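Below is one structure; the comments refer to it alone.
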Amino acid sequence: MASSSSSSEDNNNNDDESKKKTTTTTTSSSSKSMKTGLGWMEWLRGWFYLAYEMLFQRIMASHLQNPMPLPPLNDFTCIITGSTSGIGRETARQLAESGAHVVMAVRNTKAAHSLIQKWQEEWSGRGLPLNIEVMELDLLSLASVVRFSEAWNARSGPLHALINNAGIFSIGEPQKFSKDGYEEHMQVNHLAPALLSVLLLPSLIRGSPSRIVNVNSIMHQVGFVDTEDMNVTSGKRKFTSLVGYSGSKLAQVMFSSVLHKKLPAEAGISVVCVSPGIVQTNVARDLPKIVQAAYRLIPYFIFSAEEGKPSAAVQLLDLQVTISSTTTGSRSSLFAATDPQVPEYCEMLKADEWPVSAFISQDCRPTNPSEESHNLETSYRVWEKTLQMVGLPSDAVERLIEGEDIDCKYGAHNDEN
């Protein structure tokens, strides 16, 4: 009996050691499997897609009318961020001319009011006055996002489309941080729009069927997100504006994919990311002068900022080319916000348990976002980290859908405490 007992203890000890080794091996392999960046094949593939879009976007979108014809939108209310310039400006103007109630959510309210006055004068005699208003929103301040959302939700009216259009790409600039402590590309391009989307869910539910349209970029194809280093300050990766911009755009796709999954069908809210193509917009306003000059030397391939006006480079080369514009670049946003088949497509993706949300390319056709965006494990980590960074509880979406109130740490009542 004694020898039997001793043998049994030895077996138990061997089992324990075996389990420890297995656990250690699993932990080790798990840590090894944590990506620290894109693989070289993914990186090359991303740049291939970028070059392909720049060279062939005009051909791919040649079947589309410019400007895009829209249906009557008399009972349609939409909020558009960054709508005083570029794609956002054209999106706002075209929606307003189709009868929509447009809310220009902008930092520079004076510029927005000047635009409205100009549009009203140009529209005079063609129909009823345009239904446009201005509300202040500074995406570099999460407190401003909360104030805006509270002010809009307090109206208890419907919201049919939220178009998160505003974005920055400060090429060649040193790393900058918002007053909230976050890298500026990450905050403006991802964190602030994510917070806005979640906080406006009550109004979007009232406007059901409604849509959240995130103006993304082909640049997400070369992006990577490290959820333990969202600010890119750990030293594991060297910060460049490209790293900041592409990472923020990938984070937006990943967050959108999880939001798409968490919204039940009965909420009636579709989540869509769109690529406007490669467009000459005011996103280049922060570039060094020499880079801005180079940026305008490829006018045939990229969409220009002014409708029907050949750029100086084209005139210099005497090319008989009419440059497309932000009118062209706004087509995918307008399509995603108004086309009746978009909600059906989003529900089909959800029913098929597709890992990513709908993504519409610049030719207004569904396309597949980057391989990295299909990484569900990372997408859920991005979701959790984003909610933490913007000061929302982890169950914020579920509670808002149930009609409950939630607190954001950037809200005024929390500032007072």
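Numbering of the sequence shown is given in the working numbering, commencing with residue 1 and proceeding in unit increments.
Cβ coordinates follow ideal geometry from the N, Cα and C atoms, glycine included.
Since this is a predicted model, take the numbers as computed values, not measurements.
query, result
"Beta-carbon proximity of Gly88 to Asn165, cut-off 7 Å", "yes"
"Per-residue DSSP class, three states only, for Leu195", "helix"
"Whole-angstrom C-beta distance between Pro202 and Asn153, which should lie under 8 Å", "5 Å"
"Range covered by the alpha helix (DSSP H) that runs through Asn153", "142–153"
"Same chain, Cβ closer than 6 Å to Leu263, neighbours up to 5 away in sequence not counted", "Ile269"
"DSSP state of Val272 mapped onto helix, strand, coil", "strand"
"Inter-residue spacing [alpha-carbon to alpha-carbon] between Lys19 and Asp226", "Because Lys19 carries a pLDDT of 44, less than 50, the predicted location of this residue cannot be relied on, and the following value inherits that uncertainty. Roughly 31 Å separates the two Cα atoms."
"Member of Ser248, Ala192, Gln175 whose CA lies at the smallest distance from the CA of Lys238", "Gln175"
"Paired residues, beta bridge with Ser98 - DSSP", "Note: Ser98 sits in no beta bridge, so no partner."
"Spatial distance of Asn108 from Gly82 (CA atoms)", "9 Å"
"Neighbourhood of Leu159 by C-beta distance below 8 Å, restricted to the same chain and skipping five residues each side", "Thr77, Cys78, Ile79, Trp152, Leu200, Ser203, Leu204, Arg206, Gly207, Ser210"
"Met254, buried or exposed, once every other Cβ within 10 Å from all chains shown has been counted against 16", "buried"
"Identified DSSP bridge partners for Glu136", "Val106"
"Collapsed DSSP secondary structure at Arg211 in the structure displayed", "strand"
"Selection from Gly125, Leu376, Asn375, Val356 that minimises the alpha carbon distance to Thr367", "Val356"
"Beta-carbon gap between Asn216 and Gln252 smaller than 7 Å", "yes"
"Buried/exposed call for Asn74, threshold 16 Cβ in 10 Å", "exposed"
"DSSP-derived helix/strand/coil call for Cys364", "coil"
"Proximity below 7 Å, CB of Ala92 to CB of Val106", "no"
"Beta-carbon contacts of Gly99 that lie in its chain and below 6 Å, excluding the five residues immediately before and after", "Pro72, Leu73, Asn74"
"Residues bridged to Leu162 (per DSSP)", "Ile79, Ile212"
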